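Numbering (this note's numbering), first residue to last: 72 to 125.
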């Protein structure tokens with residue numbers, strides 16, 4: 072663990088939920104750490120089809 076020195080972005084709420092973007096719903100609901108906000112980033116095919124690895 073690197074704490075504040077970790078180079079990875081841990082603020083997942085600023086990234087779109089791929090389930091919500093592709094299906095219009097997410098089985099995690101309020102528990103989902105990703106954004107369910109509809110905005111222009113969700114409509115970008117490259118971004119909405121991306122896979123995020125934690």
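All residues carry an ideal CB built from backbone N, CA and C; glycine is no exception. This structure is a prediction, so every number in the text was calculated from the model and none was measured.
May I ask you to report which of helix, strand or coil DSSP gives residue 93?
If DSSP states are grouped into helix, strand and coil, residue 93 belongs with the helices.
Counting only the same chain and skipping the five closest in sequence on each side, list residues whose C-beta sits under 8 angstroms from that of residue 85.
Cβ neighbours of residue 85 beyond the five flanking positions: 106.
With 16 other Cβ atoms within 10 Å as the buried cut-off, status of residue 77
A residue is called buried once 16 or more other Cβ atoms fall within 10 Å of its Cβ, and residue 77, having fewer, is exposed.
Let me know the secondary structure DSSP gives residue 98 once reduced to three states.
For residue 98, the three-state secondary structure derived from DSSP is coil.
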